[in-house]
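Here the sequence shown is numbered in this note's numbering, starting from 2 and rising by one per residue.
In this text, a Cβ means the ideal position worked out from N, Cα and C, and glycines have one as well.
Remarks on the structure that follows.
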Amino acid sequence: MGEMISTRVAYGQALAEFGGRENIYVFDADLKSCTMTKYFAETYPERFYNIGIAEANMVDIGAGFAACGATALVHTFAIFACGRVYDQVRNSVAYPGLNVKVVGSHAGLTVGEDGATHQCIEDISLMRTIPGMTVIVPCDAHETREATRAILDTHGPCYLRTGRGTVENVTDTVKEYRFAIGKGITLTGGDDVTLIACGLMVQEALKAEKLLAAEGIHARVIDMHTIKPLDRELVIQAAEETGAIVTAEEHSIIGGLGGAVAEALAASCPVPMEFVGVEDTFGHSGAPLELLQQFGLTPEHIAACARKAIERKNK
């Protein structure tokens, strides 16, 4: 098993590692020990600002810094970064195309015991609909580090999603791995069905691939870390070559990765498709692993959906 580390910790460490440029400023809504901006604050205290529990003000301050030439990064829980301050992100950041990176931590069901009010399963959908907004959902610590470097080197508004719990590193051993915004990574080959996943569901998709392999089903697994801009070319190639698609995400099945992939397929290469994610419902309090089981975000459910997609393909 690879190293277990949360993407929020990996992000905080990478931000401190790559944050040496004098035009990089970091803002936090009184959560630096949760969002892990504490590493940056310890290394570059003169460019770190705790705005307090005033998220809308934080985004507007970040936008002001960006309007003066800074690379501004604003941080809070995903539920606040995308819900509470949607207006500010849309109108103060994205509309003028400012160089502000919105980093939402503690996303998805695996916030666990904090319950439905803090389990943000709509953030990808919300950010994806904003014109000009890049949306990135890294799956492990290695990929988070590379994604952090990439967003610092790329101008424009961006949403980066990180998680609370630890996850296994799976991309650090991928041969010739190269992170590029808007380019998915093929982790395993296969011609029977394609599993397209993001975030911690990449690890679950890899487990599902092994379950299917034991049955003689060869699944291709794609790590789609960038939801917007989506790697449409890779999606269409997978659809043409395997004829069946399953998406998997720790997010609502409405408007997230599954929606983005379905849009691409509907326009260019319609094939049988199944969605793994949270159905049209809220989460609730519980242990993270138990919640993933209850809501069907498991290798077994991914495998079952793959079989269903293949059956539809073969009719």
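query: According to DSSP, simplified to helix, strand and coil, what is K33?; result: helix
query: Assign I54 to buried or exposed, taking buried as 16 or more other Cβ atoms, counted over all protein chains shown, within 10 Å of its Cβ.; result: exposed
query: Determine the DSSP secondary structure at T243, reduced to helix, strand or coil.; result: helix
query: Here's the rule: buried if 16 or more other CB atoms are within 10 angstroms of the residue's CB, otherwise exposed. What is M134?; result: buried
query: In this structure, how does DSSP classify N51 when only helix, strand and coil are distinguished?; result: strand
query: Leaving out five residues on either side along the sequence, give the residues of the same chain with a beta carbon under 6 Å from the beta carbon of K184.; result: D232
query: Taking buried to mean at least 16 other C-beta atoms within 10 Å of its own C-beta, is L290 buried or exposed?; result: exposed
query: Considering only residues of the same chain and omitting the five flanking positions on each side of G259, which have a CB-CB separation below 7 Å?; result: T248, E250, F276 and G278
query: Buried or exposed: S34, going by 16 or more other Cβ atoms within 10 Å of its Cβ?; result: exposed
query: Classify G113: buried if its beta carbon has 16 or more other beta carbons within 10 angstroms, exposed otherwise.; result: buried
query: Using the three-state DSSP reduction, which class does H76 fall into: helix, strand or coil?; result: strand
query: Would the stretch 172–184 count as touching the stretch 138–155 if we require 3 or more Cβ pairs under 8 Å?; result: yes
query: Find out if the Cβ-Cβ distance for the pair M128, V138 is shorter than 8 Å.; result: no
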